[in-house]
Structure formats: C-alpha cells, structure tokens
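Asks:
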Amino acid sequence: MTAKDQSIPQHDYSLFISIILLICIGLVFIYSASSNLAFYRFGDPYMYIKRQALFCLFGLILMAITMYLPTEVYSDTRVVYGALFISAGLLISLFFMGHTINGATRWIRIGGFSFQPSEFAKLSLCLYMAYSMAKKGSEM
15 MTAKDQSIPQ HDYSLFISII LLICIGLVFI YSASSNLAFY RFGDPYMYIK
65 RQALFCLFGL ILMAITMYLP TEVYSDTRVV YGALFISAGL LISLFFMGHT
115 INGATRWIRI GGFSFQPSEF AKLSLCLYMA YSMAKKGSEM
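Structure representation (structure tokens):
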C-alpha cells in the first residue's frame, strides 16, 4: 500500500446510502403530512419540504466536512473546551435574547433562522465525553 492510498479516507457507503434513504423517506412523510397546510398558509404545497430539503443539504455538507477533518481535531483540548464554552454561552444567552415559541423560551433567532442552543450543547457534551474517555484510556 502506498502513502497515497493511506491518505485516502475509507467510507462506509452503505451507511451513506442509508442516510440518503432516510432523508428521502422523511421528505415524503413531511410532504404527505403538510402539503395541504402549506398550500393553505403559503400558497405553495412544497413550502415545508423545500425548507426541510435545505436543512438536509446543510446537514449533509456539515457531515462531509466533519468526515474529512483529521481525528486529531476532535482530540484537541482547545476544540473540546471551546465547544463547551460556546455552548454554555449560548445557553446563558437564552435569558437575555431567547425567543419564546409555544410558551417555551428555548430558541435564539438570528435573522430568519431560529435554533435551539441545547442541540449544540448536546454535540459539545458528546465531544467532551469522547475526549475524556479517550484521555482516560485503559484506566476506565
């Protein structure tokens, strides 16, 4: 095996196909459940499916980026604690700039985009747990 072959990341294509299949099934479900409502509210029966497809595309782009990042990035102390610090800051900012939807102040709205900081905190905690478990190694 040459050095060039070793630098090419190996991917599990069955996992990728499964992800694409689940996305397609989800889009069909969204269309079947919301086309009448979308047509009534917006005059476009595809409004919700277009929005979800855009978010899926964004997620696939993020997945591709993280696939090609070297694993050393995830074990860097600055990255791990930086993610924890940012997620804690976002959670604290809910008290000052949180947007209330359905009676719960769990959202931050930036422009026309709303997101829940708790979702980023979940990812940060997973990254931290993986980092701390890898650091402990055989001591666990």
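Adding 14 to a residue's 1-based position in the sequence shown gives its number in this note's numbering.
Every residue gets a Cβ at the ideal spot worked out from N, C-alpha and C, and that includes glycine.
What you are looking at is a predicted structure, and each value in this text was computed from that prediction instead of being measured.
1) Identify, in the order they occur along the chain, each residue of the same chain with its Cβ nearer than 6 Å to the Cβ of Phe53, setting aside the five sequence neighbours on each side.
2) Using three-state DSSP, classify Ser128 as helix, strand or coil.
3) Rounded to whole angstroms, what is the Cα-Cα separation between Phe129 and Leu76?
4) Whole angstroms is fine: what's the gap from Ile63's alpha carbon to Leu41's?
5) If we count the other Cβ atoms within 10 Å of its Cβ and call it buried at 16 or more, is Leu141 buried or exposed?
6) Exposed or buried, Val94, counting other C-beta atoms within 10 Å across all chains shown (16 or more means buried)?
7) When burial is assigned at 16 or more other CB atoms within 10 Å of the CB, is Pro131 buried or exposed?
Replies: The relevant details are as follows:
1) Pro59
2) strand
3) 16 Å
4) 6 Å
5) buried
6) buried
7) buried
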